[in-house]
Amino acid sequence: MLLKDKKILITGLANKYSIAAGIASAMHREGAELAFTYQNERLLKNLEPLAKEYGSDILIECDVASDESIDQSFLELSKKWAKFDGFVHSIGFAPSDQLEGNFVDVTTREGFQIAHDISSYSFTALAKASKPMLNEKSALLTLTYLGAIQTIPNYNVMGLAKASLEANTRFLAASMGADNIRVNAISAGPIKTLAASGVKNFRKMLSQHSSRAPLGRTVTTEEVGNAAAFLCSDYASGITGEITYVDAGFNTAAMPLTEIVDS
Ligand code: 0WD
7 MLLKDKKILI TGLANKYSIA AGIASAMHRE GAELAFTYQN ERLLKNLEPL AKEYGSDILI
67 ECDVASDESI DQSFLELSKK WAKFDGFVHS IGFAPSDQLE GNFVDVTTRE GFQIAHDISS
127 YSFTALAKAS KPMLNEKSAL LTLTYLGAIQ TIPNYNVMGL AKASLEANTR FLAASMGADN
187 IRVNAISAGP IKTLAASGVK NFRKMLSQHS SRAPLGRTVT TEEVGNAAAF LCSDYASGIT
247 GEITYVDAGF NTAAMPLTEI VDS
């Protein structure tokens, strides 16, 4: 079991389709003790039965838009766990009007600020707040997307926020390395979740992905979960500041093989 004796906090589990659900499932299987945060009461209903499935009854409210909420949530957590071994940041958000149309026309100052605040700064904020409670050999993990380094239609300002998140991963890794805390990101291929349905024409992105990816398909939350369990385990002790792609190879292929080879 990769994560025996590890206590890991999981954020961003909105429902059973969330990437965080695949991660929780893999981490539970690998022996981790889990705790969860939820954004608000509305999401608690979905989370309760899932957390139970993953053997956890530690459910704490945390809206990463608020420093007060973050501080309060770690105070709550400290009543259950004096120390723990890392967290998964599986949170992203941009207002829906930012995720549809031509980038230069639709992007606003407010949309830009919200996307960067919720999708990138929150990773730094959670690292800062959890630092006094983290054991040596802890691992922090976030979820990013290819839009950080290449343009993707409609992904727009979220791509900029993910670029910031990837830099954030490297700076946090440098900043926390002296305490033997590792910080990594998984760049997941497109998966149909609640957050993904906010991106216009997401279904078309899924089929494009399958036609170009070397494995000829999309990935599952279970596959992302397995990579996450490894990266947060001591087997990954030499890996930090990295962006690991779990995308069926899509980012490595410039053209679909079949279109050239078959013609
Ligand atoms: O294709 C995809 N689904 C990909 C997602 C490909 C590559 C990366 N990702 C990323 C997302 O950008 C995000 O960072 O993975 C992460 C998890 O996203 P998900 O699993 O696709 O989406 P979802 O199940 O919706 O979980 C994201 C959750 C929110 O759900 P909703 O949809 O209700 O916004 O992030 C949480 C919330 O639970 N969240 C917050 N949590 C605390 N405070 C906040 C907030 N202010 N805002 C959003």
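Numbered by the working numbering, the letters in the sequence shown go through residues 7 to 269 in order.
Glycine residues also receive a C-beta, built at the ideal position from the N, C-alpha and C atoms.
- Non-local C-beta neighbours of residue 232 in its own chain, meaning closer than 7 Å and more than five positions away in sequence, comprise 32, ordered along the chain.
- In this structure, residue 174 lies near residue 129, with their beta-carbon atoms less than 8 Å apart.
- Shortest gap from the CB of residue 99 to any heavy atom of ligand 1: under 7 Å.
- Taking 8 Å as the cut-off, the Cβ atoms of residue 171 and residue 21 do not count as close.
- Between the stretch 124-140 and the stretch 234-245 there are fewer than three inter-stretch CB-CB distances shorter than 8 Å, so the stretches are not counted as touching.
- Taking residue 250 as the centre and dropping the five residues before and after it, the same chain places the C-beta of 190, 191, 192, 193, 233 and 237 closer than 8 Å to its C-beta, in chain order.
- When only Cα atoms are considered, residue 42 and residue 26 end up about 10 Å apart.
- The three-state secondary structure of residue 67, taken from DSSP, is strand.
- In this structure, residue 70 has its CB closer than 7 Å to one or more heavy atoms of ligand 1.
- Residue 23 is bridged by DSSP to nothing; it lacks a bridge partner.
- DSSP places residue 218 outside any beta strand (DSSP E); the residue lies instead in the alpha helix (DSSP H), whose first and last residues are 208-218.
- In the displayed model, residue 36 falls within coil according to three-state DSSP, outside both helix and strand.
- By the Cβ criterion, the stretch 78-89 is in contact with the stretch 56-69, since at least three pairs of Cβ atoms, one from each stretch, lie closer than 8 Å.
- Distances taken from the Cβ of residue 125 to the heavy atoms of ligand 1 include one shorter than 7 Å.
- With respect to residue 257, residue 149 sits apart: the two C-beta atoms are not nearer than 8 Å.
- Here residue 11 carries a coil assignment [DSSP, helix/strand/coil].
- Under the DSSP assignment, residue 110 falls in the alpha helix (DSSP H) whose first and last residues are 109-112.
- DSSP places residue 90 inside the beta strand (DSSP E), whose first and last residues are 90-95.
- Annotated three-state conformation of residue 106 is coil, per DSSP.
- A distance criterion of 7 Å places the beta-carbon of residue 120 beyond contact range of ligand 1, judged by its closest non-hydrogen atom.
- Contact check for residue 133 and residue 188: beta-carbon distance about 12 Å, past the 8 Å limit, so the pair fails to qualify.
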